[in-house]
Amino acid sequence: MFTAAAFASVAVLLAASIPNTDAHGYMLIPESQFQGSANSAWIVQIDPVWASDSWDGNNAGSVETFKSLKSANNFKDLKTLMDDTSVYGADCGFTDPNGTPQPIPTDGKATFSRALVHVGPCEIWLDDTKVLYEDDCFS
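For reference, each letter of the sequence shown is one residue, going -23 to -1, 1 to 116 in mature numbering (1 follows the signal peptide of the UniProt record, and there is no 0).
See the structure below:
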């Protein structure tokens, strides 16, 4: 079943890869559950957790910087990085952490509310299972 944790991982798909996160949007299929109506408004700026002079904004150079830094910084996955509240604080966003689990699409494809327009890593989790990870979901 699709959970709030899965959406949270997708919603922050760029958090570790560029000087700040410009991501917005949400999972359309399976349907996200919100606290109130669907909302893809800006919530918070997330600066990179790893220092480097090579961050290059929303460009391929930032993807290369992320790839070069993730091993040296013991990167496991985006979920682990974002769940570290000492780094990013309490959970943020508009999704309902107690939302109703949604069925996995029969064709196995997730659909976002808008096109991916920012470079960087992303992942999708179904419950406690990571089912997708890419260093750069834009390309």
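From the three backbone atoms N, C-alpha and C, an ideal C-beta is built for every residue, glycine too.
Nearest to residue i (by Cα), restricted to the options the options
{"i": "residue 9", "options": "108, 79, 105", "result": "79"}
{"i": "residue 74", "options": "6, 50, 13", "result": "13"}
{"i": "residue 103", "options": "114, 81, 91", "result": "81"}
{"i": "residue 15", "options": "95, 90, 37, 105", "result": "90"}
{"i": "residue 36", "options": "52, 107, 111, 97", "result": "97"}
{"i": "residue 94", "options": "114, 7, 52", "result": "114"}
{"i": "residue 112", "options": "46, 84, 18", "result": "46"}
{"i": "residue 105", "options": "63, 55, 32, 34", "result": "55"}
{"i": "residue 57", "options": "99, 7, 4, 2", "result": "99"}
{"i": "residue 92", "options": "61, 30, 116", "result": "116"}
Per DSSP, the bridge partner or partners of residue i
{"i": "residue 41", "result": "Per DSSP, none; premise fails for residue 41."}
{"i": "residue 103", "result": "106"}
{"i": "residue 111", "result": "99"}
{"i": "residue 6", "result": "88"}
Residues of its chain near residue i, where Cβ-Cβ distance is below 6 Å and the 5 sequence neighbours each way are ignored
{"i": "residue 50", "result": "27"}
{"i": "residue 108", "result": "101"}
{"i": "residue 3", "result": "9, 17, 90"}
7 Å Cβ shell around residue i - same chain, five flanking residues per side excluded
{"i": "residue 6", "result": "82, 87, 88"}
message = If contact is defined by three or more beta carbon pairs under 8 Å, each pair taking one atom from either stretch, is the region 37 to 52 in contact with the region 17 to 29?
response = yes
request  = Write down every uninterrupted run of the alpha helix (DSSP H) in the region 44 to 94 whose length is 4 residues or greater and which is fully enclosed by it, in chain order.
outcome  = Whole alpha helix (DSSP H) segments, 4+ residues: 55 to 60, 62 to 65.
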